[in-house]
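Numbering (the UniProt record's numbering), first residue to last: 1 to 167. For reference, the structure is listed below as structure tokens.
Here you go:
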């Protein structure tokens, strides 16, 4: 499994989608006049991560029945989560530069870590469809919706808690 995630990202059209999301995040900061960019950046990073995570799992559909059993399915999910977290480090230079430009590097860093931790926690506890029952679909819309909504709620609640004490 090692290295397959990044080869998948590199060899498919997902790479172009991720590059477009990255540059849209950067251009939205340049265009933003009201400086409410931080919320946009948070949801851009979250969308970036979910796109990579779910596309990788969806691509594994043909291999699941031949190469994975019930024990290795959870390993596949954890591998996809860890690889997505590593892939999200492409936003670190942007976080540092934008934090220096706006003199809020601590705020940007906390928000980035909040998104990363929330993504990890939510997707570690929510099993994918194929782990729950043998079905032709690895991921259902219900699983995706539940995961994304729980992650958004967790991010907003953690950031509102931080805003009471730090910001």
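Even for Gly, the Cβ is constructed at its ideal location relative to N, Cα and C. In this text the structure is predicted, and so the values were computed from the model without any measurement.
Report yes if the CB atom of residue i is closer than 9 Å to the CB atom of residue j, and no otherwise.
{"i": "residue 16", "j": "residue 90", "result": "no"}
{"i": "residue 53", "j": "residue 129", "result": "no"}
{"i": "residue 120", "j": "residue 81", "result": "yes"}
{"i": "residue 109", "j": "residue 95", "result": "yes"}
{"i": "residue 112", "j": "residue 92", "result": "yes"}
{"i": "residue 100", "j": "residue 38", "result": "no"}
{"i": "residue 49", "j": "residue 88", "result": "yes"}
Out of the options, state which residue places its alpha-carbon closest to the alpha-carbon of residue i.
{"i": "residue 40", "options": "28, 50, 51", "result": "28"}
{"i": "residue 137", "options": "107, 55, 82", "result": "55"}
{"i": "residue 57", "options": "143, 97, 111", "result": "143"}
{"i": "residue 19", "options": "31, 4, 47, 42", "result": "47"}
{"i": "residue 83", "options": "71, 140, 149, 116", "result": "116"}
{"i": "residue 76", "options": "149, 162, 153, 4", "result": "4"}
{"i": "residue 61", "options": "103, 97, 140", "result": "140"}
If I measure Cβ to Cβ from residue i and keep anything under 8 Å in the same chain, skipping five residues before and after, which residues do I get?
{"i": "residue 24", "result": "44"}
{"i": "residue 51", "result": "14, 17, 18, 21"}
Could you have a look at residue i and say whether DSSP puts it in helix, strand or coil?
{"i": "residue 4", "result": "helix"}
{"i": "residue 12", "result": "coil"}
{"i": "residue 40", "result": "helix"}
{"i": "residue 138", "result": "coil"}
{"i": "residue 153", "result": "helix"}
{"i": "residue 128", "result": "coil"}
Residues in the same chain with beta-carbon distance under 7 Å from residue i, minus the five sequence neighbours each way, listed in chain order, please.
{"i": "residue 114", "result": "155, 158, 159"}
{"i": "residue 151", "result": "46, 118, 119, 122"}
{"i": "residue 147", "result": "122, 123, 126"}
{"i": "residue 162", "result": "110"}
Kindly list the residues whose CB is nearer than 6 Å to the CB of residue i, restricted to its own chain and excluding five residues on each side of it in sequence; keep chain order.
{"i": "residue 168", "result": "In this structure the chain extends from 1 to 167, so residue 168 is not present and cannot be described."}
{"i": "residue 165", "result": "none"}
{"i": "residue 42", "result": "111, 115"}
{"i": "residue 153", "result": "none"}
Note to self: At 4 residues or longer, what runs of the alpha helix (DSSP H) sit wholly inside the stretch 53 to 112?
What the structure shows: 61 to 67, 70 to 87, 92 to 102
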